[in-house]
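Participant:
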Amino acid sequence: MNNNKNSRLCHYLYNLKFNLSKALHVLIILLAIGISNSYSNPLNSQTKIDLVIKDASLIEFFEEVQSITKINFLYKNDVLKDEIKISVNLEKASIEKVLNEAFSNTNLDYKIADKEIIVYSLNNRFNDSTVLNSKVDQEFITVTGTVTEDETGMPIPSANILEKGTSNGVMTDFDGNYSINLPKDAILSVSYLGYATKEIKVDGRNEIDVVLQQDAAALDEVVVVGFGSQKKANVSGAVSSVDLEDALGDRPITNSLSALQGTIPGLQVTLGSGEPGSQREGFNIRGVTSINGGSPLVLVNNVPVSIEDVNPRDIKTVTVLKDASATSIYGARAAFGVILITTKKPEIGKPKFSYSLTSSVSRPTGLPEMASPLEFVTALNDWGRVDYWSLGQDPSVWKGLLEEYNSNPSTYPLGYTEVDNIRYQLENNNPIDDLFGDLGFTQIHNASMSGGSEIANYRVSLGYTDEDGILVTNKDGFKRYHLNSLTSVKITPKLTSDLNVFYSNANRSIANQDYSRAVRVPSFAPVGDHDNGDGNLIPYSTPENLVKLNPANSNINSNLRLFSKIEYNPFKDLTLTGEYTFETKARELTRVNTDPETFSPTVLTIDSNNNDETFYRNDRGKSKYKGLNLYATYSKSLGKHNIKLLTGYNSETYSSSELFASRRNLISYGLPSLDGATGEIRAGDGFGEWAVNGVFGRINYNYEEKYFLEANGRYDGSSRFAEGNRYGFFPSFSAAWNIAKESFMQKQDLFSVLKLRGSWGEIGNQETPGLYPAVPGLPLNNAFWLTPGDIQHVTLGDPGLISSAFTWETVQTTNFGLDIAMLNNRLNVSAEIYSRKTLNMITQGEELPAILGAPAPVANAADLETKGWELDFNWQDNVGKDFYYQIGVNIFDSQSEITNFGNEEGLIDQFYVGRKFGEIWGYVTDGFYTVDDFETGTLNDDLTGGTLKEGIPNVRGRNPNPGDIKYKDLDGDGEIFTGNNTLEDSGDRKIIGNNTRRYNYGANITMGYKNFDFSMFLNGVGKRDIVLNNDLFWPFREKFDNIFKHHLDYWTPENTSAYYPRIYETDGSNYSASRSTQTKYLLDGSYLAIKNITIGYTFSDQILDKLNIGNLRVFLSAENLLFADQLPQGLNPELQDRARGAAYPFQRNFAIGLNLNF
Amino acid sequence: MNIKNIIKMKNKYKIIMLLALVVCVSCENELERLPKDELTVATTFTNNRNFQTYSWEFYETFGTWHTGRNDFNEHSADLMVDGRNDNGDDWIWQRITVPTSSGLYNSCFSRIRKVNLMLDNIDGSEMNDVDRNHWRSVGYFFRAWEYFKLVKAYGDITWVETALSDSDKEVFNGGRTPRKEVAQNMLDNLMFAEENIKENGEGDVNPNTIGVDEVRALISRFGLFEGTWRKYHGLGDETPFLEASADASEKLISSYPELHPNYEQLFSSSDLEGKAGIIFYKEYGRNSVSHSLNQWSRSSESPVWDFTKKAADMFLMSDGTPVSADSDFVNREKDPYSEFRNRDHRMYFTITPPFKIEVLPNTGSLEWDYLPDARYREYIDLLGTISNFIDKPLPDNNWAGMMVPTSPHWKGGVEPGLPFDPGYNTTSWGYKQFKYVNNNHIAIGWVDEHDQPIFRMGEVLVNYAEATFELGEFNQSIADQTINKLRERADVADMTVGAINAGFDPNRDANVDPVLWEIRRERSVELMAEGFRFDDLRRWKKMNYATQEKLGMYIVASDFDNKIPIQNGASEGYVSRIGKPSPWPDHYYLYPIPSNEIVLTNGSIEQNPGW
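Protein chains in written order, with numbering that gives the first Met the number 0: chain Z, 0 to 1157; chain U, 0 to 610.
1. Helix or strand or just coil, what does DSSP make of residue 128 (chain Z)?
2. Expressed to the nearest angstrom, what Euclidean distance is found between the alpha-carbon atoms of residue 990 (chain Z) and residue 858 (chain Z)?
3. In terms of residues, what are the limits of the beta strand (DSSP E) holding residue 487 (chain U)?
4. I'd like to check one pair, residue 648 (chain Z) with residue 665 (chain Z): are the Cβ atoms closer than 8 Å?
5. Which of the three DSSP states is assigned to residue 1150 (chain Z) in this structure?
6. Under the rule that 16 or more other beta-carbon atoms within 10 Å means buried, what is residue 28 (chain Z), buried or exposed?
7. Considering only their Cβ atoms, is the gap separating residue 281 (chain U) from residue 140 (chain U) smaller than 8 Å?
8. Would you mind sorting residue 662 (chain Z) into buried or exposed? The rule is 16 or more other CB atoms within 10 Å of its CB.
9. Going along the chain, which unbroken runs of the beta strand (DSSP E) with 3 or more residues stay wholly within the stretch 938 to 993 of chain Z?
10. Quick one: measure Cβ to Cβ for residue 433 (chain Z) and residue 526 (chain Z), integer angstroms, because I've assumed they're closer than 8 Å.
11. Rounded to whole angstroms, what's the CA-CA distance from residue 522 (chain Z) to residue 430 (chain Z)? Just pull it up for me.
12. Output yes or no for whether 8 Å exceeds the beta carbon distance between residue 833 (chain Z) and residue 879 (chain Z).
13. Where does residue 462 (chain U) fall in DSSP's three states?
14. Leaving aside the five residues before and after residue 377 (chain U) along the sequence, list all residues of the same chain whose C-beta is less than 7 Å from its C-beta, in chain order.
15. Please report the straight-line C-alpha distance between residue 240 (chain U) and residue 35 (chain U), rounded to a whole angstrom.
16. Ends of the beta strand (DSSP E) at residue 314 (chain Z)?
17. Give a yes or no on contact between the stretch 589 to 596 of chain U and the stretch 135 to 154 of chain U, applying the rule of three or more CB pairs nearer than 8 Å.
18. For a contact defined as C-beta to C-beta under 7 Å, what are the partners of residue 933 (chain Z) on chain U?
19. From the beta carbon of residue 206 (chain U), is the nearest beta carbon of chain Z less than 8 Å away?
20. To the nearest angstrom, report how far apart residue 596 (chain U) and residue 904 (chain Z) are at their CA atoms.
21. What residues from chain Z crowd round residue 43 (chain U), counting only those whose CB sits closer than 9 Å?
22. If you drop the 5 nearest sequence neighbours on each side, which residues of the same chain put their C-beta closer than 6 Å to that of residue 378 (chain Z)?
23. Between residue 17 (chain Z) and the rest of its own chain, which residues show a CB-CB distance below 6 Å, the 5 nearest in sequence each way excluded?
24. Which of the three DSSP states is assigned to residue 314 (chain U) in this structure?
25. According to DSSP, what are the bridge partners of residue 458 (chain Z)?
26. For a contact defined as C-beta to C-beta under 8 Å, what are the partners of residue 782 (chain Z) on chain U?
27. The beta strand (DSSP E) with residue 81 (chain U) in it runs from where to where?
28. Chain Z partners of residue 460 (chain U), CB-CB under 7 Å?
29. To the nearest angstrom, how far is the alpha carbon of residue 984 (chain Z) from that of residue 969 (chain Z)?
30. Give me the chain Z residues within the contact set of residue 157 (chain U), using Cβ-Cβ distance strictly less than 7 Å, ordered along the chain.
31. Using only the alpha-carbon positions, how far apart do residue 38 (chain Z) and residue 555 (chain Z) sit?
32. Since residue 566 (chain Z) is in the alpha helix (DSSP H), which residue starts that stretch and which ends it?
33. Closer than 6 Å by C-beta to residue 1156 (chain Z): which residues in its own chain qualify, once you throw out the five before and the five after it? Chain order, please.
34. Taking a contact to mean a Cβ-Cβ separation below 8 Å, would you say residue 580 (chain Z) touches residue 626 (chain Z) in this structure?
35. Would you give the residue range spanned by the alpha helix (DSSP H) that residue 538 (chain U) belongs to?
36. Are the C-beta atoms of residue 36 (chain U) and some chain Z residue less than 8 Å apart?
Written as structure tokens, this is what we have:
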């Protein structure tokens, strides 16, 4: 045994009673979790042992003796050459006796030197004698000491202590202590993963303490790749990883996707809403995937999960596999990249407890600012309105009253008055601010416990999140519990078993209120309750009251996942792994409408209250997932050739079912339930299933870690395809060249890594329209027909036509990359450039005549291509002993284009060849029509009804007036028109912009000075065009709409350089013509967000030691601190446009918290 | 090897065996997944019950009332106009272009496929001959229903009587089937259905399903259409179709001797089940299958249903004479209150009658009162006596119950003396549609639930009158069985066939027989706004009626700040917003075949001439 595993094995079996059966051992190990091991007695050669072996190899013999006696064997490889067989059958014999018997018929001899036995071949005796003699004759001493970490001074358990050039070695115990016997002039080599190895001359000393320094390059050394890990320097595909502990820091956020936004080049995360527990997040790797959709595969421990189920604080690292060469090993669902999440692993040693708390308050980042009543009414007047719709108010009368009221509110102490029996509201309220009237509160608690020995170890973590959003009441809330437990047991030295139990339960409370109503309630609308005069108070139906009065809907998701893994090393270099996952998810959505009695603040009547509309509805769904992975890895180094082989089998099945029931007419609003309602019960259900399986393999080869080659292949099947087209084979290849390792680069020390990479690969995308695209079924539906008594019958839909030929979409990636590490690894740069072709996308293939009566069967008939690049910089350095800093910046971009699609007519509202994703067709604005555009004298007094001068175009069917938008007549036919909507005749429209997010970037800066640390995180989008067609952007699209401050710059004869066009007294067609998609109102969707700033303080050990606390840090953190964009207040380019433009705003949080370890 | 090693080895084997077992179990048929909430063709077409289940989907062809409204094509004829479309109707203004594809073409063939799939599988079922023939008849009814739409639009059309597959290239490239052949197939199928369908359809269990009466009602409608089309477009062979129509109508008349006593309730009642004169209807319910015709028909959003002056003038005076016969009418029509007086009651249920009220302030326009001047309440009071006031109230209100202050409620012109002018329920031509306005809806979600007549005796009677006239059989006795029953309900004096001479209606189209002219009038009045007029004008080859200048109510321009345009720019006269289109081109009588169909059949389907 010529490696130091040997000594580890000894330690680990040392505590076992060797006459107990293995099974009992395991039991003891399990019971003994957390009880620390004690270590090493010097060899007592008088120890008596029992040994029965037959025909064992020399290695087996050594192992057996070692396992009993903890004696190390030293030998040269040539002693193994003869492949001798050893048989021993002795009881209570001394070591010498055992050895004599063992070597009796061999050419071997031995020497005992304290804790070691040197075995040598008599054939080579003369050759080896010098070495042996010198060694054996040396003076041995015992060296003891402690290994600690440079930065924290914490002891390092399980560090390797080795006599250099030998296999003589030990490991440190839980307190970092070691003791080793070795020649007095030997060299100690001390190593630990992630730290720079240290070599120290013993020089006869008996006590040597060692301090290890973190090795920056070594930290990044290993990255997780599909079904394994690899040295980062050896990776040849496009892979990025982030240490989420760093990226997340202490941000007061609860969802993993938010934490990943901006951290990894090529991973685009959009959040879409600030609502607690919102599920509007979207993410993709490298942009547009397929016209049929497809998103990255998210894996925890090789198990696909929903990323929202992962507790961000359980995550250790996140690795993103981007090109086919990196992902193809995962097959079926990995076509558009893989996000590999590695959770925190057990830490070996005494039980360690840690607890962190983040507590924050939040306010909205930006609410639209409403026009005051006077501004509102002035605008109505300017637009020529003679009455307001709700009560028939006369805006000119109203304006006078408001001016009076504003100068002296005491004139109308009620806040309103009546003229000609019509009520005029005068008070200035703010229904939107009232709606978002609460401070949001968020608490995030996380506790974990970890420890154990090399044999059995564990980590258990508990997380609890409680968010209450910024709407009045606590009805917009999100609560989640996470339990994650990982136990790892070495059943035998060669067999390891891991068990992971994961449970989460999330309860989202959704305020039963349509935010889009809030943007419609004007500032003069009364708030609070309406007093009928008879003492009866009825709440106004203001957004605030509606949230308060309506019960919240609840959405509960729970998730239980069991993961077990068995790893078996039958011999060195070969690992067999089996992984099995069972996951069950359940969700329950409850909706209640009690239709409370309210009073309309605009028309001042009781809102319709129809008991028939009250209802209770409950939706339940559950799903089951089973996954099995079996794989083997083998690695071998032969001289300068390093080879690694992987082969495996994967199988996954999924099934889901849903059930809902609802009933109208609640009896009691307090107890909404099916039984508590009197209407007809309506119920329904649904089912879904899929399965995939495949075999896969990978070959890695490198020469001197200088030239790298990798090949992957996967043969994959999916239930979505018909037998015969079910399986596909998808290969990928990559290569890399680390120039820094070339001999001509050895003289420089600027670069430590200078690696060029290239890859090409194919992978299948199984995303199809529907789960059973190959089965011509007749789906069960409700018929749109009643028979008397309102009986609705179940009927059957059409069996679609199925083409026998369609199969996998193919995603083909070509990737080139460059990795640089330079200036002592202080600067790291990675760059990627790629092309991803999504080929044979499934869509309606050959078009067939309509007399067929059914859509033509789908076929693999469309292609698209995405091209992009990614850049990642990282700089880290220390200034002196006390100050360190790190800056990371990444930026990436991609664009996609249709390269094949059957649209011969060139219809521009469909895909066509050459169509770039996100492109926006619109008119080119040529300013407003002016009085000069009309024949003199033809305009009426109110600047309408004029005749355009010759050559000035009008929108087809519209008679423009000054103040309306004038468009450029691109086709020169004198008229503005859409044409026939084809590429050949697009009328006066052209491509005016693109709403793809371009130049996504993220940056983080961290620094520390003594006990203080600071971090800042930014992200943004560099270029994007957006078109907003909603009530928040456009003033007064119809008479029920509200007016906001930013709407007030509208065209009037006096304000001809306004932003907004002329608005009319009625919702006239001229105004809608002015609102066509056009260059003037193409908005800049770029932004820069300062997502987070955190300042922390770590207490020094002197204080903590007295309190028996390992580590204590407190921090202040601000989330969503600043959002710099080009849109009017209340509109955010990253918020998804809901009806009327109202979206739940992002929240700005201010948090304090602490991290505690003991 | 000692015991320990053996145990070790055994464990190894156990683990390997275990893993192997797991693999084997999981391999088995793993990728064969079938949907759990779907049937297959083999499991569907087995017994009577399954056929019934499958057949419910056929009924979806009757559409939803409000979406059906867009198919009514009423704005393409002469009696109605879209009040918000100042560019005029595309058919009338000759803006129809050859489309690449057509919803009508596609949806008809999609439903034909559905029917054919059932027909293909009847022989393989477990049913007895009675049931087999019943389901064959049901299939024939629905297939004929679809082909009726296709023939009306396109004339020659490919006849498909089996469910095609994507490899049936010879059918795709087989070209169009001549109209006469298609119509004959349809008639033969319907005759088979009349013989073989169960009399009440699924009536024992599920009333209001396709039975013998529904088959006859379709023959009545289709026979008249095809017969008169052939006659007026000179195709010949019209008699069998006219006779089939007349025969079917006659049988229905003896089965349904009574009319629904209240015309207005045909379009405004929440339940038509078992009502006299209703052959077949579509039932709506609040929480399942609802429509929004009511909401749409009040709306001021495009399309707005306005009637033309011509439509208003169609309604006879109570004494049975046309307005054109009264020389004083040119004065009376200047005021809507006198224009509407003593008219066919159907006018009051079809066009919103004039009124004016006081909408009370601070009630959100929900409450109102009479104005002191009694003239403004004349028709409010009249409707109170002749209609079901709860279903169909006058004064009118919008969807939310907010009162309309006046009728006619002009768009874009403020009525003098009104406190304010809400934008809802407006008219651009003066005659606002009232036929479908009622209170059978809830004020949110645009949910209407009043039932929709599909076949009713009102139509059968005018079909019968017209078919017998075209067959030369119309006489006073038939008039009494048909038109006079309708007039009695509408409080109009009886038609006396002998009294109708060339001078009866001075405005008559001189090319139409005076009696036929009155039969056609009765048809247009009885079926106004129900979607028949465009097809009627086309089969009569009278689309020149639709290309006359469309006129609205008589007004004085200065009453509305000169904002409402009048014919020839006069200071008073009939509202005219669009002008006069060019004459109707002959090739417009048939629709253009979608160009995709020509391309995709390699030209074997040819375009209709002129397109």
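In this text, a Cβ means the ideal position worked out from N, Cα and C, and glycines have one as well.
Facilitator: Taking the geometry as given:
1. Here residue 128 (chain Z) refers to the residue found at position 129 of the first sequence. For residue 128 (chain Z), the predicted model reports a pLDDT of 41, less than 50, meaning its position is unreliable; a value from the coordinates is still stated below. If DSSP states are grouped into helix, strand and coil, residue 128 (chain Z) belongs with the helices.
2. Residue numbering aside, residue 990 (chain Z) sits at position 991 when the first sequence is read from its first letter. Residue numbering aside, residue 858 (chain Z) sits at position 859 when the first sequence is read from its first letter. Spanning the two alpha carbons is a distance of roughly 30 Å.
3. Here residue 487 (chain U) refers to the residue found at position 488 when the second sequence is read from its first residue. No beta strand (DSSP E) holds residue 487 (chain U); the alpha helix (DSSP H) holding it covers 482 to 488.
4. As a first step, residue 665 (chain Z) must be located in the first sequence, where it is residue number 666. As a first step, residue 648 (chain Z) must be located in the first sequence, where it is residue number 649. The answer is no: Cβ separation not under 8 Å.
5. For the purposes of this step, residue 1150 (chain Z) is taken as the residue at position 1151 of the first sequence. Here residue 1150 (chain Z) sits in strand by DSSP.
6. Taking the first sequence and counting its residues from 1, the one referred to as residue 28 (chain Z) is at position 29. Confidence at residue 28 (chain Z) is low in this model, with a pLDDT of 35, below 50, so the placement of that residue is unreliable and no value is reported for it.
7. The residue given as residue 140 (chain U) occupies position 141 in the second sequence. The residue given as residue 281 (chain U) occupies position 282 in the second sequence. Going by C-beta atoms, residue 140 (chain U) is not nearer than 8 Å to residue 281 (chain U).
8. Your numbering for residue 662 (chain Z) matches position 663 in the first sequence. That one is buried.
9. 964 to 966 and 989 to 993
10. The sequence position of residue 433 (chain Z) within the first sequence is 434, counting from 1. The sequence position of residue 526 (chain Z) within the first sequence is 527, counting from 1. About 6 Å separates the two Cβ atoms, so the contact holds.
11. Numbered from its first residue, the first sequence carries residue 522 (chain Z) at position 523. Numbered from its first residue, the first sequence carries residue 430 (chain Z) at position 431. Going from the Cα of residue 522 (chain Z) to the Cα of residue 430 (chain Z) covers about 7 Å.
12. Along the first sequence, read from residue 1 onward, the residue named residue 833 (chain Z) stands at position 834. Along the first sequence, read from residue 1 onward, the residue named residue 879 (chain Z) stands at position 880. Contact: no.
13. Start at 1 with the first residue of the second sequence, and residue 462 (chain U) comes out as number 463. Of the three classes helix, strand and coil, the one that applies to residue 462 (chain U) here is helix, per DSSP.
14. Stepping through the second sequence from its first residue, residue 377 (chain U) is reached at position 378. Excluding positions up to five away in sequence, the list reads 336.
15. Within the second sequence, numbered from 1, the residue matching residue 240 (chain U) stands at position 241. Within the second sequence, numbered from 1, the residue matching residue 35 (chain U) stands at position 36. In a straight line, the C-alpha of residue 240 (chain U) is about 48 Å away from that of residue 35 (chain U).
16. As a first step, residue 314 (chain Z) must be located in the first sequence, where it is residue number 315. Residue 314 (chain Z) -> beta strand (DSSP E) spans 314 to 320.
17. yes
18. For the purposes of this step, residue 933 (chain Z) is taken as residue 934 along the first sequence, with counting starting at 1. None at all; the shortest Cβ gap to chain U is about 19 Å.
19. To locate residue 206 (chain U), count along the second sequence from 1; it is residue 207. Judged by the 8 Å Cβ criterion, residue 206 (chain U) is in contact with chain Z.
20. Against the second sequence, residue 596 (chain U) aligns to sequence position 597. Against the first sequence, residue 904 (chain Z) aligns to sequence position 905. Approximately 13 Å between the Cα atoms of the pair.
21. On the second sequence, position 44 is the one that residue 43 (chain U) refers to. Within chain Z, the residues near residue 43 (chain U) are 777, 795 and 798.
22. Translated into the one-based positions of the first sequence, residue 378 (chain Z) becomes position 379. So the qualifying residues of the chain are 1042.
23. Working through the first sequence from its first residue, we reach residue 17 (chain Z) at position 18. In this prediction, residue 17 (chain Z) scores a pLDDT of 35, lower than 50, which makes its location untrustworthy; the coordinate-derived value is nonetheless stated afterwards. These residues qualify, in order along the chain: 67.
24. For this step, residue 314 (chain U) is matched to residue 315 along the second sequence. In the structure shown, residue 314 (chain U) sits in coil (DSSP, three-state: anything other than H, G, I, E or B).
25. Reading the first sequence from its first residue, position 459 is the one you call residue 458 (chain Z). Beta-bridge pairing links residue 458 (chain Z) to Z:449 and Z:485.
26. Residue 782 (chain Z) sits at position 783 when you count from the first residue of the first sequence. Those within 8 Å of residue 782 (chain Z) in chain U are 55, 56, 58 and 59.
27. Counted from its first residue, the second sequence places residue 81 (chain U) at position 82. Counting along the chain, the beta strand (DSSP E) containing residue 81 (chain U) begins and ends at 79 to 81.
28. As a position in the second sequence, residue 460 (chain U) is number 461, starting the count at 1. None at all; the shortest Cβ gap to chain Z is about 25 Å.
29. Counting from 1 along the first sequence, the entry for residue 984 (chain Z) is found at position 985. Counting from 1 along the first sequence, the entry for residue 969 (chain Z) is found at position 970. In a straight line, the C-alpha of residue 984 (chain Z) is about 11 Å away from that of residue 969 (chain Z).
30. Numbered from its first residue, the second sequence carries residue 157 (chain U) at position 158. Ordered by position in chain Z, the residues that pass the 7 Å Cβ test against residue 157 (chain U) are 850.
31. Here residue 38 (chain Z) refers to the residue found at position 39 of the first sequence. Here residue 555 (chain Z) refers to the residue found at position 556 of the first sequence. Its pLDDT being 31, under 50, residue 38 (chain Z) is placed unreliably by the model, and the measurement read from it follows with that caveat. So the two alpha carbons sit approximately 50 Å from each other.
32. As a working mapping, residue 566 (chain Z) is identified with position 567 in the first sequence. Segment 552 to 567 is the beta strand (DSSP E) holding residue 566 (chain Z); no alpha helix (DSSP H) there.
33. By one-based count along the first sequence, residue 1156 (chain Z) stands at place 1157. Closer than 6 Å at the Cβ level, and outside the excluded window around residue 1156 (chain Z), lie 353, 1109 and 1110.
34. In the first sequence, counting from the first residue as 1, residue 580 (chain Z) sits at position 581. In the first sequence, counting from the first residue as 1, residue 626 (chain Z) sits at position 627. Taking 8 Å as the Cβ cut-off, residue 580 (chain Z) and residue 626 (chain Z) qualify as a contacting pair.
35. On the second sequence, position 539 is the one that residue 538 (chain U) refers to. That run of the alpha helix (DSSP H) goes 532 to 538.
36. As a working note, residue 36 (chain U) is residue 37 in the second sequence. Yes, contact with chain Z.
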